[in-house]
Every structure is written in structure tokens, then in C-alpha cells.
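Counting the sequence shown from 1 gives a position; the working numbering is that position plus 5.
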Amino acid sequence: MISLSLSNLIKNFLNIQDDNISFPEGEYCQVTQKGDYRIKVFKGFLKSNYYTCPHCNSKNIVKNGARYRKIKYIPIQNYNVELHLTVQRHICKDCRKTFSPSTNIVSDNSNISNNLKYTIALELKENVSLTSIAKRYNLSVTSVQRIMNDCYSDFKVNKEHLPEAICIDEFKSVKNIDGAMSFVFADYHTKNIIDIVEDRRLHSLTEYFSRFSLEARNNAKYVCMDMYTPYISLVNSIFPNAKIVIDKFHIVNLVNRAFNQTRISIMNSIQDDSLKRKLKLFWKSLLKYYPDLCQVNYYCPSFKRKLSSKDKVDYLLEKCPELETNFNVYQDIIQAIKHNNFKRFEETVKKYLASKEKISKKMMIALKTLKKYMKYIENMFESNITNGVIEGLNNKIKSIKRTAFGYSNFSNFKKRVLIQAGIISISS
Ligand SMILES: [Zn+2]
Numbered sequence: 006m007i008s009l010s011l012s013n014l015i016k017n018f019l020n021i022q023d024d025n026i027s028f029p030e031g032e033y034c035q036v037t038q039k040g041d042y043r044i045k046v047f048k049g050f051l052k053s054n055y056y057t058c059p060h061c062n063s064k065n066i067v068k069n070g071a072r073y074r075k076i077k078y079i080p081i082q083n084y085n086v087e088l089h090l091t092v093q094r095h096i097c098k099d100c101r102k103t104f105s106p107s108t109n110i111v112s113d114n115s116n117i118s119n120n121l122k123y124t125i126a127l128e129l130k131e132n133v134s135l136t137s138i139a140k141r142y143n144l145s146v147t148s149v150q151r152i153m154n155d156c157y158s159d160f161k162v163n164k165e166h167l168p169e170a171i172c173i174d175e176f177k178s179v180k181n182i183d184g185a186m187s188f189v190f191a192d193y194h195t196k197n198i199i200d201i202v203e204d205r206r207l208h209s210l211t212e213y214f215s216r217f218s219l220e221a222r223n224n225a226k227y228v229c230m231d232m233y234t235p236y237i238s239l240v241n242s243i244f245p246n247a248k249i250v251i252d253k254f255h256i257v258n259l260v261n262r263a264f265n266q267t268r269i270s271i272m273n274s275i276q277d278d279s280l281k282r283k284l285k286l287f288w289k290s291l292l293k294y295y296p297d298l299c300q301v302n303y304y305c306p307s308f309k310r311k312l313s314s315k316d317k318v319d320y321l322l323e324k325c326p327e328l329e330t331n332f333n334v335y336q337d338i339i340q341a342i343k344h345n346n347f348k349r350f351e352e353t354v355k356k357y358l359a360s361k362e363k364i365s366k367k368m369m370i371a372l373k374t375l376k377k378y379m380k381y382i383e384n385m386f387e388s389n390i391t392n393g394v395i396e397g398l399n400n401k402i403k404s405i406k407r408t409a410f411g412y413s414n415f416s417n418f419k420k421r422v423l424i425q426a427g428i429i430s431i432s433s
């Protein structure tokens with residue numbers, strides 16, 4: 006009676022629901038040290054209830070020693086747990102084949118318990134590297150990868166459907182890809198990734214999207230993207246009904262960068278060291294939208310007095326007329342975007358392109374770019390669709406890449422991204 010209840014206690018503790026497994030009294034648990042791992046080893050027995058040979062149905066079977074299996078379990082309290090199972094083996098006297106029973110706690114050809122596999126599958130949803138999962142459970146990275154492939158079913162995109170508003174973007178992918186950049190696209194409304202394509206180059210994307218039905222492609226009304234010419238060709242050839250929308254963030258970023266580079270070149274060209282230093286120190290305030298600047302006075306060591314961020318910007322603009330000219334270009338564009346006023350945006354760009362003022366080369370290039378994409382920028386003002394959704398996903402992808410060392414293989418990487426984005430879930 007005592008041994009039975011002890012056995013049941015261990016089974017309860019380890020979550021084993023197999024009537025054929027028992028833990029005989031005695032040395033049912035030992036602690037061993039293997040390298041960095043402290044392991045609790047539970048010793049159990051798996052009996053068989055064979056009456057006939059599973060191969061030939063003969064009743065002429067006898068016990069034939071045992072098979073020993075080491076099964077990795079979910080760790081408990083900083084101990085890794087292993088189940089060392091002695092499995093009854095039989096031999097058939099007619100067909101000479103040996104056989105031993107299976108159990109629902111582990112597959113026949115695996116040394117990782119189903120419980121541990123499930124735990125790892127859940128962990129794959131978090132941003133934890135395969136390496137660190139492997140390390141925690143004393144497994145190889147390959148084993149973790151195999152669990153990923155076994156637990157998550159293959160992902161298939163519905164080629165018969167595309168959403169009305171699509172966001173597209175790219176990210177630096179794993180090393181061994183020719184294109185170097187991969188392509189991701191998402192549904193603007195549901196915020197879900199639709200798919201990830203290994204190579205973002207035009208020929209590859211054209212081929213990829215031509216696999217979608219024309220009906221699906223016709224359904225796309227807006228495609229939001231950054232200013233990358235091949236994408237425009239792609240949309241024009243693949244999505245006959247779609248309007249191209251340039252992402253707001255990329256427009257702001259373009260003028261922001263141009264103005265910041267202008268500040269740097271002005272800074273480098275002036276002799277006055279104190280002014281130079283101030284231009285360097287207060288770059289952030291210069292990039293802010295002017296009406297949003299803080300007007301509270303704080304002591305500033307550079308000025309040796311109390312003043313606000315707005316005062317600092319005013320001071321710099323007064324000292325550097327060239328900076329002020331470019332500052333005005335930058336601020337006018339930002340303002341038109343903030344006020345969602347396309348007419349003003351277009352007029353601002355036109356006005357400065359024709360202006361005789363001393364606008365920097367970088368700013369001029371930015372203005373020309375805006376002019377070139379004006380039609381698509383108008384669509385942005387009109388539709389209000391942005392790539393905000395996908396930028397978030399992109400940050401996620403970047404952080405997956407940072408924690409991932411094991412992804413020399415694109416399909417593994419893609420799978421992990423889709424698992425973490427919740428696009429594919431554990432299959433039962
Ligand atoms: Zn047999």
C-alpha cells in the first residue's frame with residue numbers, strides 16, 4: 006500500500022497519466038550533477054500488457070530483458086528533471102522480433118517528454134533565443150528547432166484573398182540571402198502580418214504576388230510603403246486597383262534627416278567654438294516641432310543662465326541665418342503634415358523649390374524627392390493610412406534577430422517571427 010501511494014504521489018507530481026508506469030519504492034529519486042546542470046533523476050518502470058505479438062499476432066511471446074529510456078522533463082525548482090524509465094521488453098518466439106510498450110508521456114523515438122515539448126512550444130512565442138531555451142532545458146539547438154517545426158504547423162497564405170489596405174516594408178534578413186533585404190506585408194486594418202518574403206527585389210516580389218488570384222489582387226485599394234521606386238512598379242503591375250500611399254513616418258524622416266545633416270554641415274563650417282558647441286548640444290530641440298517646444302526656463306550651463314528650449318532654438322536661429330532658412334523649410338513641411346493639409350504641403354514644397362533663399366543641398370534633394378512622390382503623398386493625406394502597424398512588427402522582427410543566433414535558415418527565422426506575431430499557433 007505504501008509503495009503504491011508513493012508511486013502515485015510522484016506520478017501526480019510529474020503529471021504522468023499512464024497506468025503502466027510506476028515508481029517502485031527505494032531509490033526513486035537521485036540528484037546528479039552533469040556539467041552545469043543539477044539533475045533530479047526519477048526512476049520509473051513501464052510495464053507492458055502485451056498478450057500477442059504486435060507484428061505477427063502470435064501468442065508465443067516471452068519477456069526479454071528491458072529497454073532503458075532517459076526522458077527529459079520540465080525542470081522543477083532549478084533542477085533539471087529526467088525520468089529514467091525501465092521498459093519491459095518482449096520477444097516473439099515465432100517472428101523473433103522484439104517489442105516494448107509505448108507511453109503517452111513521450112513519443113517512441115524521442116527523449117523529450119511531451120510536456121516539455123509543450124512548455125518549449127509556449128516559450129517560442131516569447132522573445133527568447135533558441136540558444137537560451139536549449140541551454141535551460143539541457144537540449145541541443147537542433148532539438149529546439151525540431152520542436153518548433155513539430156509543434157507549429159506549416160504556414161500557408163490564402164492566395165485567394167488580399168485585404169483592402171496593405172502595408173509593405175522591408176527588413177534586413179538573415180545572412181545567406183542574396184537580396185539581403187526581406188519583405189513583409191500586413192493587413193492595415195487587422196494589423197496582422199500576411200506573409201514574409203525572403204527577397205524583396207522586384208523580380209522576386211512580382212513572381213510571388215503573381216501567385217495570388219487576380220480577384221485577390223483587385224481587392225487591394227491602398228498599398229502603403231516607403232519611397233522605394235521598385236515597389237511602385239510592383240504595385241502598378243500587380244495591384245491594378247490600388248492607390249500608392251507613401252508612409253507618413255518616412256516623409257517626416259526624410260526631411261528630419263535632411264535638416265539634421267544641414268545643421269551638422271553648418272556647425273562644421275563655423276569658427277565660433279561656443280556657438281558650434283551649442284549647435285551640437287541642442288540638436289534635439291532643433292528637430293522638434295517648434296510650437297511643441299518647452300517654454301519653461303531651466304538653468305543651462307552652456308548659457309550660464311536660466312532659459313527654455315524655445316529660447317535656445319531662437320538663439321541659434323538668430324545667430325545662424327542659414328540655419329534659420331532651412332529650419333523654416335523643415336518646420337513648414339512638418340506643420341502641413343500635422344495639420345493634415347495637403348494643399349499647404351504641396352505649396353510649401355513648390356515654394357521652396359523655386360525659392361532664391363539659401364536652402365542646403367540636402368534639403369533641396371529632400372524637396373525634390375517629395376515633389377517626385379507628390380501624387381502618392383496626396384494619397385497619404387487623403388487616406389490617412391500609415392505603416393505604423395508594420396513598423397511595430399518590424400521592431401519585433403529586429404528584436405527577434407537580436408536574440409537569434411540560430412537562424413542561418415530563412416524558413417526557421419520566418420516561422421519564429423510568425424509564431425511570435427501570433428500568426429501561427431500550436432497545433433494539437
Ligand atoms: Zn511475432
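Even glycine gets a Cβ: it sits at the ideal position worked out from N, Cα and C.
| Check | Outcome |
| --- | --- |
| For GLU387, three-class secondary structure by DSSP | helix |
| Span separating the alpha-carbon of SER118 from that of ASP41 | 21 Å |
| Contact check, MET186 vs ARG421, beta carbons under 9 Å | no |
| LYS68 CB to nearest heavy atom of ligand 1 below 8 Å | no |
| The beta strand (DSSP E) enclosing HIS168, as first and last residue numbers | A small correction: the amino acid at residue 168 is Pro; His does not occupy that position in the sequence shown. It is not in any beta strand (DSSP E) - PRO168 carries neither H nor E in the DSSP assignment. |
| Where GLY40 falls: helix, strand or coil (DSSP) | coil |
| DSSP-derived helix/strand/coil call for GLU396 | helix |
| At least three beta-carbon pairs within less than 8 Å, the region 45-61 to the region 87-99 | yes |
| Where SER8 falls, given that 16 or more other Cβ within 10 Å makes a residue buried | Low per-residue confidence applies at SER8: pLDDT is 47, beneath 50, and the placement is therefore not dependable enough to give any value. |
| Three CB pairs or more closer than 8 Å across the region 390-409 and the region 357-370 | no |
| Residue span of the beta strand (DSSP E) that contains HIS2, given as start and end | Nothing can be reported for residue 2, as the shown portion of the chain is limited to 6 through 433. |
| Distance between LYS376 and ASN436 (C-alpha atoms, nearest Å) | Outside the shown range of the chain, which is 6 to 433, sits residue 436, and nothing can be said about it. |
| Exposure of ILE382, with buried meaning 16 or more beta-carbon neighbours within 10 Å | buried |
| Whether THR267 touches LYS356 by CB criterion (9 Å) | no |
| Range covered by the beta strand (DSSP E) that runs through ILE271 | Looking at the DSSP string, ILE271 is not in any beta strand (DSSP E); the run it does join, the alpha helix (DSSP H), is 253-274. |
| Contact the region 66-76 vs the region 9-25: 3+ CB pairs below 8 Å | no |
| CA-to-CA distance, SER215 to LYS419, given in whole angstroms | 21 Å |
| Any non-hydrogen atom of ligand 1 within 8 Å of ASP200 CB | no |
| Delimiting residues of the beta strand (DSSP E) encompassing LYS75 | 66-81 |
| Member of GLU396, PRO29, PRO106 whose CA lies at the smallest distance from the CA of LEU435 | The question about residue 435 has no answer here: the residues shown for the chain are numbered 6 through 433. |
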